[in-house]
Every structure is written in C-alpha cells, then in structure tokens.
Amino acid sequence: MTRVPDVSVVRRAVAELPLDADAAFDAIYPDWVRVASPRWWTPVRVARRAVDLLTRECPDGRYLDVGSGVGKFCFVGALASRAHFTGFECDARLHEVAVATSHMLGIGAGCALSHRDALEIDWVPFDGVYLFNPFDPPWAPGAVHRGRAAAVRATLARLRTLRRGARVVSYNGFGAAPPEGFVATARLQLHGAALEVWRSTGRIEGRGLTSRGRTSADR
Ligand SMILES: C[S@@+](CC[C@H](N)C(=O)[O-])C[C@H]1O[C@@H](n2cnc3c(N)ncnc32)[C@H](O)[C@@H]1O
Numbered sequence: 072m073t074r075v076p077d078v079s080v081v082r083r084a085v086a087e088l089p090l091d092a093d094a095a096f097d098a099i100y101p102d103w104v105r106v107a108s109p110r111w112w113t114p115v116r117v118a119r120r121a122v123d124l125l126t127r128e129c130p131d132g133r134y135l136d137v138g139s140g141v142g143k144f145c146f147v148g149a150l151a152s153r154a155h156f157t158g159f160e161c162d163a164r165l166h167e168v169a170v171a172t173s174h175m176l177g178i179g180a181g182c183a184l185s186h187r188d189a190l191e192i193d194w195v196p197f198d199g200v201y202l203f204n205p206f207d208p209p210w211a212p213g214a215v216h217r218g219r220a221a222a223v224r225a226t227l228a229r230l231r232t233l234r235r236g237a238r239v240v241s242y243n244g245f246g247a248a249p250p251e252g253f254v255a256t257a258r259l260q261l262h263g264a265a266l267e268v269w270r271s272t273g274r275i276e277g278r279g280l281t282s283r284g285r286t287s288a289d290r
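Taking my numbering, the leading residue of the sequence shown gets 72, the next gets one more, and so forth.
What follows is the structure, encoded as structure tokens:
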C-alpha cells in the first residue's frame with residue numbers, strides 16, 4: 072500500500088523542533104532516502120540553526136546549497152525563513168525525489184532545485200553558501216566525477232567570487248577552510264559535527280574589495 076505523507080507533520084517538525092523532528096520530517100521521503108538520512112541529510116535542528124546563521128544579516132537574500140541531495144536543507148530554509156534557497160544536485164535520482172517532495176510540501180517560490188553540478192554555476196548572485204560535507208564520498212557512484220581534491224579547489228575558487236559580507240556555513244566541513252578574505256565568525260558542535268560560519272571581508276588577494284559594493288550585510 073502506498074504511504075500517504077502527512078505534510079502538516081513535516082511543517083510542524085520544522086516550526087516546533089520536537090525531539091523526533093527528523094523522524095517526522097523524513098517520513099515524507101521514500102524508504103531508501105529515509106534510511107540514508109542520519110548520514111547524508113542535514114538534521115532539522117542543525118538546518119534551522121544553519122539557516123539562522125546564514126540569513127541573519129540578509130534575511131531576504133538568496134542562498135546556495137552545494138549538493139542539495141533530496142532537498143532537506145533547502146526545504147527547512149524555505150519553511151523557516153524569508154530567504155530564497157537554490158539547491159544544485161548532480162545525482163538525478165536524488166534530484167527527482169527533491170522535486171517531488173517540494174511539490175508535496177507546497178514549498179513554492181522559496182526554493183529552486185536544479186539537476187546540475189554546483190561547481191559549474193556562477194556563485195556571484197548568492198548572499199551565502201551552505202556546504203554539508205558534499206564531496207566525501209559521493210552519494211551515488213559517478214555522482215562527483217572530478218574527484219574530491221579538484222572539487223575542493225573549485226569550491227575555493229567559487230567562494231572567492233562572493234561579495235563582501237557574504238556568509239559561508241559548513242556542517243562537517245567541505246575539505247578545506249575558506250580562502251583568504253574570509254573570517255570565521257562562529258563554530259558550534261551540533262549532532263556530533265561542527266557547524267562553522269565565515270564571512271567574506273571582500274579583501275581577496277590581488278583584487279582588493281570585491282566588486283559588488285556594499286549591502287545590508289556590511290552595515
Ligand atoms: C551530504 S549530502 C547533503 C545534502 C543536502 N545539502 C542536505 O544537507 O540535506 C551532499 C550532496 O552533495 C551532492 N554533490 C556533491 N558534489 C556535487 C556537485 N559538484 N554538484 C552538485 N551536487 C553535488 C551529492 O550527490 C550529495 O547528494
């Protein structure tokens with residue numbers, strides 16, 4: 072028999088953060104996605120904290136999830152904030168689940184999901200970036216074709232393009248610290264892994280201040 076997902080339970084899990092928030096949220100996913108959740112998808116409580124840290128200075132901003140998987144982080148962001156979340160996922164099967172779940176949850180305009188390599192798109196339009204251990208190891212065989220070291224290098228190059236004041240939040244890291252021009256602003260331990268926050272000072276080597284000028288995050 073097909074399970075009928077209870078959307079209100081998911082929304083309540085995000086809003087009220089009960090002790091079983093992840094079990095309640097993950098019930099919307101197919102079994103094979105749900106069993107992978109403890110290792111691969113951001114826990115609801117962590118996602119709420121990450122969204123708060125990411126959007127604090129620019130609540131209406133645009134935020135990128137590098138490797139959005141089945142959309143869990145983006146959905147928590149869209150449900151719990153005024154910001155817009157864009158998720159890029161290179162694994163087609165995960166992306167399909169994310170799109171179907173977005174429809175089920177009625178996420179609407181707060182989130183856009185794309186089946187693309189996040190390291191091949193322009194990061195300049197974003198006010199912040201979220202990285203949950205995206206390159207270690209790939210979820211599906213062949214999902215990340217370039218290899219971990221090259222993916223980390225490409226991430227550092229993209230981070231250098233972010234505007235002054237942009238924020239980077241990582242959970243369980245991404246394989247490096249952000250490049251010169253970022254300052255660490257917070258580090259907390261949640262669910263057994265580090266949630267870290269950096270802010271771009273715009274002072275990237277050889278370039279001076281980044282070109283996008285001042286934003287509310289700078290004031
Ligand atoms: C640990 S999961 C995190 C999923 C989601 N961000 C969350 O927190 O629930 C990392 C995801 O990144 C994806 N990924 C890794 N490298 C990628 C890339 N270059 N472009 C798009 N997706 C990528 C993997 O396929 C995997 O689904």
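Every residue, glycine too, gets a C-beta built ideally from N, C-alpha and C.
Have a look at R120, E167, C161, T172 and flag the residue whose alpha-carbon is nearest the alpha-carbon of R187.
Within the sequence shown, residue 187 is the residue found at index 116, counting from 1. That would be C161, whose Cα lies nearest to the Cα of R187.
Straight-line gap, A121 to L190 (C-alpha atoms, nearest Å):
Here residue 121 is taken as the residue at index 50 of the sequence shown, counted from 1. Here residue 190 is taken as the residue at index 119 of the sequence shown, counted from 1. Those two C-alpha atoms are separated by around 21 Å.
Taking one C-beta from the segment 218-230 and one from the segment 254-263 each time, how about it: are there three or more such pairs within less than 8 Å?
Touching, no, given that fewer than three Cβ pairs across the two stretches are closer than 8 Å.
For the structure I just gave you, are there three or more beta carbon pairs, one from the segment 135-148 and one from the segment 113-120, closer than 8 Å?
yes
Environment of E251 [buried if 16+ CB atoms lie within 10 Å]
Position 180 of the sequence shown, counted from the first residue, corresponds to residue 251. When all chains shown are included, E251 counts as exposed.
Relative to the C-alpha of E128, which candidate in F144, D136, W103, A154 has its C-alpha closest?
Taking the sequence shown and counting its residues from 1, one reaches residue 128 at position 57. Among F144, D136, W103, A154, the Cα nearest to that of E128 is on A154.
Flag D93 as yes when its Cβ comes closer than 7 Å to any non-hydrogen atom of ligand 1, and as no otherwise.
Reading the sequence shown from its first residue, position 22 is the one you call residue 93. For ligand 1, not one heavy atom lies less than 7 Å from the Cβ of D93.
Which ranges does the alpha helix (DSSP H) cover as unbroken runs of at least 4 residues, wholly within the segment 108-182, from first to last along the chain?
108-111, 115-126, 143-151, 163-176
To the nearest angstrom, how far is it from the Cα of G218 to the Cα of D207?
On the sequence shown, position 147 is the one that residue 218 refers to. On the sequence shown, position 136 is the one that residue 207 refers to. So the alpha carbons of these two residues sit roughly 10 Å apart.
Beta-carbon proximity list for A225, same chain, < 8 Å, skipping 5 on both sides:
The residue you call residue 225 lines up with position 154 of the sequence shown. Closer than 8 Å at the Cβ level, and outside the excluded window around A225, lie L190, R217.
How long is the line joining the alpha carbons of G132 and Y100, rounded to whole angstroms?
Locating residue 132 in the sequence shown gives position 61, counting from the first residue. Locating residue 100 in the sequence shown gives position 29, counting from the first residue. Their backbone Cα atoms lie some 28 Å apart in a straight line.
Which value, in whole angstroms, describes the spacing of the CA atoms of R110 and V168?
Locating residue 110 in the sequence shown gives position 39, counting from the first residue. Locating residue 168 in the sequence shown gives position 97, counting from the first residue. About 17 Å.
Nearest-angstrom Cα separation, counted from G181 out to M175
Sequence index remark: in the sequence shown, residue 175 carries index 104 (1-based). Sequence index remark: in the sequence shown, residue 181 carries index 110 (1-based). Inter-residue distance for M175 and G181 is about 14 Å (C-alpha atoms, whole angstroms).
Using only the alpha-carbon positions, how far apart do D136 and R83 sit?
By one-based count along the sequence shown, residue 136 stands at place 65. By one-based count along the sequence shown, residue 83 stands at place 12. Roughly 23 Å separates the two Cα atoms.
Assign V223 to one of two classes, buried (16 or more other C-beta atoms within 10 Å of its C-beta) or exposed (fewer than that).
As a working mapping, residue 223 is identified with position 152 in the sequence shown. Answer is buried; the Cβ neighbour count reaches 16.
Contacts around L125, its chain only, beta-carbon distance under 7 Å, and the 5 residues preceding and following it disregarded:
Your numbering for residue 125 matches position 54 in the sequence shown. Counting only Cβ-Cβ distances below 7 Å, and skipping sequence neighbours, we find Y134, G199, Y201, R238, V240.
Pull up the DSSP beta-bridge partners for W269, would you.
Here residue 269 refers to the residue found at position 198 when the sequence shown is read from its first residue. V239, A255, per the DSSP bridge assignment.
Is the beta carbon of P89 closer than 8 Å to that of H262?
Position 191 of the sequence shown holds residue 262. Position 18 of the sequence shown holds residue 89. Cβ distance not < 8 Å, so H262 and P89 don't count as in contact.
Is A95 buried or exposed, if buried means 16 or more other CB atoms sit within 10 Å of its CB?
Here residue 95 corresponds to residue number 24 of the sequence shown, with the count starting at 1. Within a 10 Å sphere around the beta-carbon of A95 sit 16 or more other beta-carbons, which makes this residue buried.
Less than 7 Å between C-beta atoms, sequence neighbours within five positions excluded: which residues of the same chain meet that for I178?
Walking along the sequence shown from the start, residue 178 turns up at place 107. Same-chain partners within the cutoff: F146, A149.
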